[in-house]
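A.B. asks:
Numbering (the UniProt record's numbering), first residue to last: 1 to 253.
#1: Roughly how far, in whole angstroms, is the beta-carbon of residue 242 from the beta-carbon of residue 226, given that I think they are within contact range, below 8 Å?
#2: Note down the Cα distance separating residue 75 from residue 144, rounded to an integer number of angstroms.
#3: If you scan the stretch 21-90 from start to end, which runs of the alpha helix (DSSP H) of 4 or more residues do you find wholly inside it?
#4: Determine the DSSP secondary structure at residue 97, reduced to helix, strand or coil.
#5: Classify residue 250 as buried or exposed, calling it buried when 16 or more other Cβ atoms lie within 10 Å of its own Cβ.
#6: Measuring CB to CB, does residue 105 end up less than 9 Å from residue 68?
#7: Specify, as a first and last residue, the run of the beta strand (DSSP E) that residue 154 falls within.
#8: Quick check on residue 131: does DSSP put it in helix, strand or coil?
#9: With distance defined between alpha-carbon atoms, name the residue in 82, 7, 34 nearest to residue 45.
#10: With DSSP as the reference, label residue 121 as helix, strand or coil.
#11: Under DSSP, the beta strand (DSSP E) around residue 172 begins and ends at which residues?
#12: Quick test of the definition: if touching needs 3 or more C-beta pairs under 8 Å, does the stretch 86-94 touch the stretch 130-139?
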C-alpha cells in the first residue's frame, strides 16, 4: 500500500518549502520558511517512526543543517543534494540510510554509466537512490538536473525505469512542473510509475490533501509512495495534517 514519506527541504541554510520550478542560483519562490531547524523535523519523524524520509539540500549553504538532521536520526533519513562519488560515503557515515543522486550522473546533459558505476562502488546499490525528477515534455517526461533547470534527453519511461532499477535500491521522482504548487499530483506520471517500477519509488509534486494519498494508492495499485510538502500543516499548509498522514501509514483509511 502507498505510504506517506516525510521530507526536510533545505534552502540557504533553512528548512523551507519552495516552488520547485522556480529554483535558480539567485533564489526561489518560497511557500514557507520554518522557525525550526532540521533537527526539529528529524526528531518529529523519528518519534513517529516515519520511515523513508528524505533530506534534500537545494543549492549551497545547507551542509550544517543536513548533517544535523542525519545525526539526529541516524539511519532514519535519506540524503540528496550535491552527492557524488567523492562525498557519498561521508553522508552514509554521517547517518544517512541512503544517498540520493541525480545531477552527478549526467555529463554534458548525457547520462554517464561510468559515474553510476563509480558511486555504486562507493556506497553499494543497496544504499543508492536515483532521483529521476523530471519535467513534462512533448513526448512524456524527461529527467531534469541542476535544480530541475536543465531538461536532459533521458526519458522517464518503461525502458529507463527497467534498466536503472537494476542499479539502485529506490527511485525518488519529483514532478518539477507541479512541485510546490499544491495544484494536484501528476496523475499520468504516477500511473506510469505504478505500472513500470519494480523497486520502491517515491513520488513528490502537487499533493494537497489526504485524498491525494488515496489517489496515488489507487493509480499505482499501492506501489508508489507519496511525499507531501507545502500542503502539510507542519510546513504552514492547510490541506492535510501530519497526524492524518501518520494514521494513514498505520492503516487507518
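Glycine included, every Cβ here is placed at the ideal spot set by N, Cα and C.
C.D. replies: Put simply:
#1: Counted from its first residue, the chain shown places residue 242 at position 242. Counted from its first residue, the chain shown places residue 226 at position 226. Their Cβ separation, rounded to whole angstroms, is 14 Å, which puts residue 242 and residue 226 out of contact at 8 Å.
#2: Your numbering for residue 75 matches position 75 in the chain shown. Your numbering for residue 144 matches position 144 in the chain shown. Cα to Cα, residue 75 sits roughly 28 Å from residue 144.
#3: Within the stretch 21-90, the complete alpha helix (DSSP H) runs of at least 4 residues fall at 38-47, 63-72.
#4: Here residue 97 refers to the residue found at position 97 of the chain shown. Secondary structure of residue 97 (DSSP, three-state): strand.
#5: Numbered from its first residue, the chain shown carries residue 250 at position 250. Per the 10 Å Cβ criterion, exposed.
#6: As a working note, residue 105 is residue 105 in the chain shown. As a working note, residue 68 is residue 68 in the chain shown. Not closer than 9 Å, so no.
#7: Here residue 154 is taken as the residue at index 154 of the chain shown, counted from 1. Where residue 154 is concerned, the enclosing beta strand (DSSP E) stretches over 150-155.
#8: Taking the chain shown and counting its residues from 1, one reaches residue 131 at position 131. In the structure shown, residue 131 sits in a strand (DSSP, three-state: E or B).
#9: Within the chain shown, numbered from 1, the residue matching residue 45 stands at position 45. It is 7 whose Cα lies nearest to the Cα of residue 45.
#10: Taking the first residue of the chain shown as 1, we reach residue 121 at position 121. Residue 121 carries a helical assignment under DSSP once its states are collapsed to helix, strand and coil.
#11: Position 172 of the chain shown, counted from the start, is the residue given in the question as residue 172. Bounds of the beta strand (DSSP E) holding residue 172 are 170-174.
#12: Between the stretch 86-94 and the stretch 130-139, the count of Cβ pairs shorter than 8 Å is below three; the stretches do not touch.
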